[in-house]
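Engineer: What the sequence shown shows, in the numbering used here, is residues 35 to 81, in sequence order.
All C-beta atoms in this analysis are idealised placements derived from N, C-alpha and C, irrespective of residue type, glycine included.
Okay, handing you the structure first.
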Amino acid sequence: MELYDVTNGKLMWKANHTIKKDYVLIKPGLPDMARDVANKMVYYMPH
35 MELYDVTNGK LMWKANHTIK KDYVLIKPGL PDMARDVANK MVYYMPH
């Protein structure tokens, strides 16, 4: 995920995040994991 300043195209913020979920019987759904990653990245994004 990257945040660019629209006035000059300068890269202001860049992030990546990895989440590993352990499971025994039921594999976690990919959409749920993607939502968790996006929420954590937005939390740390400068406002």
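Distance check for Ile60 and Met35, CA to CA, integer angstroms please.
Structural biologist: 29 Å
Engineer: Identify, in the order they occur along the chain, each residue of the same chain with its Cβ nearer than 6 Å to the Cβ of Ala49, setting aside the five sequence neighbours on each side.
Structural biologist: Met35 and Met75
Engineer: Who pairs with Lys48 in a beta bridge, going by DSSP?
Structural biologist: Beta-bridge pairing links Lys48 to Glu36.
Engineer: Taking the alpha carbon of Val71 as the point to measure from, which residue in Tyr38, Ile53, Met46 and Tyr78 has its own alpha carbon closest?
Structural biologist: Ile53
Engineer: What whole-angstrom Cβ distance do Leu37 and Met79 have, given they're in contact under 8 Å?
Structural biologist: The Cβ separation is near 7 Å, so the contact holds.
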